Structures are given as C-alpha cells and as structure tokens.
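K.L.:
Chains as they are written, first to last, in my numbering: chain A, 1 to 285; chain W, 1001 to 1160. No residue lacks a Cβ here, since even glycine has one placed at the ideal position from N, Cα and C. Keep in mind the model is a prediction, meaning the values are calculated, not measured. Supplied in structure tokens, the structure appears directly below.
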C-alpha cells in the first residue's frame, strides 16, 4: 500500500471527510440513477479496440465517492438544473417561423439521439455531432439566421436535455460505411503526440488510466457522460471544449470547437465507448 | 524582446549573453548511442537544493506530477505515471540521468516522458499553455542549469 492509500484509509477509518481530490474512488461501484436508470459503467471493449484495452469504463468509476453519489440522484446532480433550462428551450419558439423544437419533435422520440451521435448525415455528406444537428434544424427548418454557438450556454442546456432523455441507452455510434473515413481521422488524432509535452490522448487515457497524475485520477477519457457538470468550474462542459483543454495542456496549438478534426475525434472517442450508457449530464471533478 | 536581443547579438556577431557563454544549446547537445549525455550542459556544478525546487514546482519540472519520491513526501500528490525515483541515483550515473531528462525518448523509444531539453520536432507546438500556436523559436521546457540542478538532486536519491 502506498502512502496515499494509507492516508486515505486512515481518513476513512477516522470518519474524516476527505476532500474529493484525494479520497479514493470506488472502482467497483455500480451506478443506478434515481434508483431506476441502470448504467453500464464497465463492460467489454468494442471489437475495434482489440489489442488496446479489453474493458471500457465510464469516467464515473474513477471519481471520488462523493462525486459518484452526486450523479446517482437528480436532486443532487447540479447538471439537472441546466436540463430544466434545456427543456424550456426545447419548447420555446425561435427563429422567423415561430417554431420550437417541439413543433417537429416529441422529446420521447429523441431518446436514442445521444447514443448514436456523431453520425453520418447523407444530405450534407458529413459526420454531424448533436450540436451540428441542432444548428442545422435552426437554420434550415426554423429560419434562424444565427444559430446557437456550439459552445454557447443555450446549446449546452439543450444538449444536456437531449442527453438526459437518453440516459441509460447503450452508446452505439456507427463507424463503418460513409463515416469510416472521418473515424479514421479521429483515430489518427487520438494517437498523435501533440505539443511540446508530446502527449497523445492514448498516452494518458489508454496507457495510464487508473494512475494518478499529480492529484488527478486518470480516466479512460470516455465521453458518454457529456455534457458534463464539472465541480471545477461549476457549469456544464461540452465535449469539444474538453478536448480543447486537453490539447492545450500538452502545450499545443489546439483545434477549434466545431473543426473537422474535433468532429472526427468526437466520433472516434464516442466509438471507444460503444457499450457504455449515456450519462449526460454527468458529474465530474 | 528576447527575440530582439538574439537578433541584435547576431548582428553584432557575438554570442547571445555573456553569462550563457558556456551553455550547450539543445541542438548542440551530444547524445551517445545509449541516450546518455556525458558533457554538462553548463559547466557549472548542479545545486541539489535548487534541483529539489525544480522537481516540485508546477511551472518548472513538476517531476512529482508523474513520479513518486519518498524523500519529497512533504509535497503532496505524487503521480504514478512514471517509475518511483527512490534509488534513482544508485541506478543511473550523471550522464544517464542528464540524457533521460533532456530527451528520455533517446533512451526509451516511445516513452511518455516529455523531453525537457529539446526545441524542435513537435506536432502543433503551442505558445506555452495558451492553446495558441507558438510564435518564433521555442524555449526548452527547462533551462540548462535547471537540468544540471535536477541531475544533482537525483544523484542524492540513493536509498530504495
């Protein structure tokens, strides 16, 4: 047992409330939200990861007991406040035609969206994220001249709502067919060592998940919990914004949110989580 | 400003800064076939106390982000990504340690460890941690004397 383990054990033994940054994650715990949504937080890796990892884990597994507990009950999950705002936006008329999302969609018809995006859009001949799909609806169906920004508060709220109604669905993004070329680009980016620190996604999240880097407990970098409520900044965080932060922290020039590279990376990383369940909005540190 | 000094020095045909006259630049470092660097990067003996500061300071080496060091227990949150450095001074000599810190990949191809004395060969190098593209020539992650100081500190870690 190393020193930190001893300290954590002693802290628990004394009944002390250890801070979330040092208390141990219960890597064997299971997640059931509200006592009814059963999440898959660990499962066999999809076939395309053969030789890389054998088991995939939700980032929830690597978080402290306190953070894990926050996600298990919607009354404790601060992200659910943004889901309520997102649901209001879903029913709010926007654009020249006075339509809302609800004019065309019943939310109960959208429960598989989060689990299957990014996905190929034949009409536009491109892989689209959920955010891109919302923007397409806004400009092409709802007559909005200026669709929401991909990383805007409104977009985060509505994508949190869309994720929340898909919670518990098994992530299953398609990587074959016309999306495959984009997926290959994402895979190449995942394994590229960027920046002056020369770190790839894989260096930390494939080769070192479960290890600590300073006070952080490295996860597999799964994105099934996005958008994520982060305790660090007390707001929702979109996945490509998280990508940007990671690439920045390698002392690299990042790609932009919405860039072809980050769309490809989002598809690839999502596919590494095929088999986990949609958790957004999850709670992370 | 720094760039201007270099240009001025070049125009005058003198070396950049008299105090750095002995410093071996990253591109001039001689690495042997084992990935070792035999020659000091500065010619000035390393200061182990300063080396400890470099090891534990986030804006400098931040070595404990990835390595556990029992002798540095007073500093919290040691990482687990790299091997423990306990006894590292008994496992390696000065040339080996200098080589690993400057460019670990020369000794261990594919190592995750950043190269602390290298200024080129990067993919999309940034302007420090801004996320923006680097402008002009890159500085190595650590200065030459920082590396000599860390080597001196590591050589004191002879206990397992």
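Can you tell me whether residue 94/A is helix, strand or coil according to DSSP?
P.N.:
Reduced to three states, the DSSP call for residue 94/A is strand.
K.L.:
In angstroms, rounded to a whole number, what distance separates the CA positions of residue 1087/W and residue 268/A?
P.N.:
Rounded to the nearest angstrom, the two C-alpha atoms are 41 Å apart.
K.L.:
Contact between the segment 86-97 of chain A and the segment 151-167 of chain A: three or more CB pairs below 8 Å?
P.N.:
Contact holds: three or more Cβ-Cβ distances are below 8 Å.
K.L.:
Answer yes or no: does any C-beta atom of chain W fall closer than 8 Å to that of residue 150/A?
P.N.:
It does not: the Cβ of residue 150/A has no partner Cβ on chain W nearer than 8 Å.
K.L.:
Where does the unbroken alpha helix (DSSP H) through residue 1092/W begin, and where does it stop?
P.N.:
Residue 1092/W -> no alpha helix (DSSP H), and no H or E assigned at all.
K.L.:
From the DSSP output, which residues share a beta bridge with residue 1062/W?
P.N.:
Looking at the DSSP assignment, residue 1062/W forms no beta bridge with any residue, so it has no partner.
K.L.:
Listing by chain order, which chain A residues have their CB less than 8 Å from the CB of residue 1115/W?
P.N.:
Under the 8 Å cutoff, chain A gives 198.
K.L.:
Tell whether a beta-carbon distance below 8 Å holds between residue 1090/W and residue 1099/W.
P.N.:
Against a cut-off of 8 Å, the Cβ pair of residue 1099/W and residue 1090/W comes out as no contact.
K.L.:
Does the beta-carbon distance from residue 150/A to residue 275/A come in below 8 Å?
P.N.:
No, the Cβ-Cβ distance between residue 150/A and residue 275/A is not below 8 Å.
K.L.:
Looking at chain W, which residues of the segment 33-64 of chain A have a Cβ within less than 7 Å of any of its Cβ atoms?
P.N.:
So the list is empty, because no residue satisfies the distance condition.
K.L.:
Does the Cβ of residue 75/A have 16 or more other Cβ atoms within 10 Å, making it buried, or fewer, making it exposed?
P.N.:
Classification for residue 75/A: exposed.
K.L.:
So what does residue 120/A bridge to, in DSSP terms?
P.N.:
Beta-bridge pairing links residue 120/A to 127/A.
K.L.:
Taking 8 Å as the CB-CB limit, is residue 1109/W close to chain A?
P.N.:
Taking Cβ atoms only, chain A never reaches closer than 8 Å to residue 1109/W, which makes this a no.
K.L.:
List the DSSP bridge partners of residue 1114/W.
P.N.:
According to DSSP, residue 1114/W bridges with nothing at all.
K.L.:
Pick out the complete beta strand (DSSP E) segments inside the segment 197-246 of chain A, 3 residues or longer, and give them in chain order.
P.N.:
Runs found: 228-230 and 235-237.
K.L.:
In chain A, which residues lie with their C-beta within 9 Å of the C-beta of residue 1137/W?
P.N.:
Neighbours of residue 1137/W on chain A: none; closest Cβ ~12 Å, over 9 Å.
K.L.:
Should residue 1048/W be flagged as near chain A, meaning a C-beta pair shorter than 8 Å?
P.N.:
No, its Cβ sits nowhere closer than 8 Å to a Cβ of chain A.
K.L.:
Around the Cβ of residue 201/A, are there at least 16 other Cβ atoms within 10 angstroms (buried) or fewer (exposed)?
P.N.:
Flag for residue 201/A reads buried.
K.L.:
For residue 1038/W, which of 1073/W, 1054/W, 1101/W and 1071/W has the nearest alpha-carbon?
P.N.:
The shortest C-alpha separation from residue 1038/W is found at 1101/W.
K.L.:
Quick one: list the residues of chain W neighbouring residue 154/A, beta-carbon separation under 8 Å, in chain order.
P.N.:
The premise fails here: residue 154/A is roughly 24 Å from chain W at the closest Cβ pair, so nothing lies under 8 Å.
K.L.:
Going by the CB atoms, is the gap between residue 1072/W and residue 1142/W shorter than 8 Å?
P.N.:
Result no, Cβ atoms of residue 1142/W and residue 1072/W do not sit closer than 8 Å.
K.L.:
Buried or exposed: residue 26/A, going by 16 or more other Cβ atoms within 10 Å of its Cβ?
P.N.:
Under this definition residue 26/A is an exposed residue.
K.L.:
Mind pulling the chain W residues with CB within less than 7 Å of residue 254/A?
P.N.:
Correct list: 1131.
K.L.:
State the start and end residues of the unbroken beta strand (DSSP E) segment that holds residue 42/A.
P.N.:
Where residue 42/A is concerned, the enclosing beta strand (DSSP E) stretches over 42-44.
K.L.:
When Cβ atoms are compared, which residues of the segment 208-224 of chain A fall closer than 7 Å to chain W?
P.N.:
Going along the segment 208-224 of chain A in chain order, one finds 208, 211, 212, 213, 214 and 215 with a Cβ nearer than 7 Å to chain W.
K.L.:
Could you check where the beta strand (DSSP E) with residue 57/A kicks off and where it finishes?
P.N.:
Counting along the chain, the beta strand (DSSP E) containing residue 57/A begins and ends at 55-57.
K.L.:
Identify the residues that DSSP records as bridge partners of residue 170/A: which are they?
P.N.:
Paired residue(s): 277/A.
K.L.:
Can you tell me whether residue 1155/W is helix, strand or coil according to DSSP?
P.N.:
Three-state result, residue 1155/W: coil.
K.L.:
Is DSSP giving residue 106/A helix, strand or coil here?
P.N.:
Of the three classes helix, strand and coil, the one that applies to residue 106/A here is coil, per DSSP.
K.L.:
Please return the same chain residues whose Cβ sits closer than 7 Å to the Cβ of residue 1050/W, not counting the five positions on each side in sequence.
P.N.:
Answer for residue 1050/W: 1149, listed in chain order.
K.L.:
Short of 6 Å in beta carbon distance, which residues of its chain neighbour residue 138/A, apart from the five on each side in sequence? Order them along the chain.
P.N.:
Here the set comprises 144 and 147.
K.L.:
In three-state DSSP terms, what is residue 1029/W?
P.N.:
Three-state result, residue 1029/W: coil.
K.L.:
Under a three-way DSSP split, which group does residue 1133/W fall into?
P.N.:
If DSSP states are grouped into helix, strand and coil, residue 1133/W belongs with the strands.
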